[in-house]
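Comments concern the structure below.
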Amino acid sequence: MKKFSRFITIGMVAVAIIVTNVQFVYATDNSANMQIENRILNELSNYVDEHNIPVSFENVKCDISYGYFNDTEELDDYVSDRIQYIIDELDCIDISLDNKQTHTRGISDKGGYYTAKVESIVPAIGWGYVCQDFKASVSSGIISSITLQGDSYDTGVTLGSWEPNYSWVDISTNKRYCQINMKGTINYLWEGLNLSMEATFLATGKGNGSKIEDANYMDWPD
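Just so we're aligned: the sequence shown equals residues 6 to 227 in the numbering used here.
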């Protein structure tokens, strides 16, 4: 009877150890997720600030398949590669007037109706953009009003996805410049790591005569 009791006690201790280990792994995974999410957000935010790129990031979320990686070092290297991938895409963002004949970033004029286009950094084959249609009233270079037309949307052949949140417009105090802000969620689906984050893309324009032309966001007077 004493032996039987001893076996029960040993069994209960073993179960307790197993449960404790499972809880420890779960807590470690949650902690690792938060560390990686913060790392991605900080590195991308610092990069766009240092290089004056008109994009901002927030609310980074990771879904990591830990069984895909052999150890922490391999996971860290993989995350570094993914961050560099996004940075390489950010380096492709530039400002130019879209004449509807080339795939460029900017503000396209369609007789009072415009499309703000930004290189989307959504994983793409060839090219991909986030766009926002809007209507503007401009006279003698003065922008009197801008009305957004629907939600932002993505174009091109992409490997990820863009989910629009909302867009808004800023007009400078002197009414000669405008900024179209397009906020949404980008989803990256990589093997071993799914990443989503909110991004706000910024397109800047300036009034010229009765039209709006593309402008550098560093020229914003306010």
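All C-beta atoms in this analysis are idealised placements derived from N, C-alpha and C, irrespective of residue type, glycine included.
Comparing C-alpha positions only, which one of the options sits nearest to residue i?
{"i": "G197", "options": "N35, Y83, A37 and H56", "result": "Y83"}
{"i": "E203", "options": "N64, E42 and D54", "result": "N64"}
{"i": "S157", "options": "V174, S144, A141 and S150", "result": "V174"}
{"i": "I41", "options": "T77, G117, S144 and Y73", "result": "T77"}
{"i": "I91", "options": "Y193, G146, E79 and S166", "result": "Y193"}
{"i": "S61", "options": "L80, D81, C67 and I191", "result": "I191"}
{"i": "D96", "options": "E48, E79 and H56", "result": "H56"}
{"i": "Q184", "options": "K211, S85 and A37", "result": "K211"}
{"i": "S166", "options": "S172, G133 and E94", "result": "G133"}
{"i": "D86", "options": "D54, I98, G72 and L49", "result": "L49"}
{"i": "I176", "options": "E168, N35, N186 and E79", "result": "N186"}
{"i": "N38", "options": "D54, D81, Y52 and Y171", "result": "D81"}
For residue i, report the span of its beta strand (DSSP E) as first-last.
{"i": "S230", "result": "Outside the shown range of the chain, which is 6 to 227, sits residue 230, and nothing can be said about it."}
{"i": "S61", "result": "V60 to I69"}
{"i": "Y118", "result": "Y118 to E124"}
Can the beta-carbon of residue i be found closer than 7 Å to that of residue j?
{"i": "I45", "j": "I88", "result": "yes"}
{"i": "T178", "j": "D114", "result": "no"}
{"i": "I148", "j": "K180", "result": "yes"}
{"i": "A208", "j": "V135", "result": "no"}
{"i": "T152", "j": "D138", "result": "no"}
{"i": "T160", "j": "K188", "result": "no"}
{"i": "S150", "j": "S142", "result": "yes"}
{"i": "G111", "j": "D224", "result": "no"}
{"i": "G146", "j": "N213", "result": "yes"}
{"i": "D68", "j": "N199", "result": "yes"}
{"i": "K66", "j": "S201", "result": "yes"}
Let me check one thing: in DSSP terms, what residues is residue i bridge-paired to?
{"i": "L153", "result": "F139"}
{"i": "A37", "result": "According to DSSP, which records beta bridges pairwise, A37 is partnered with nothing at all."}
{"i": "G133", "result": "G161"}
{"i": "S50", "result": "S50 pairs with nothing; no bridge assigned."}
{"i": "I112", "result": "A121"}
{"i": "I148", "result": "V143"}
Does any CB atom of chain C fall closer than 7 Å to the CB of residue i?
{"i": "G197", "result": "The structure shown contains no chain C; it holds only a single protein chain."}
Report the residue ranges of all alpha helix (DSSP H) runs contained in full by the stretch 156-219; include only those spanning at least 4 residues, in chain order. Counting whole runs of 4 or more residues, the stretch 156-219 contains no alpha helix (DSSP H) stretch at all.
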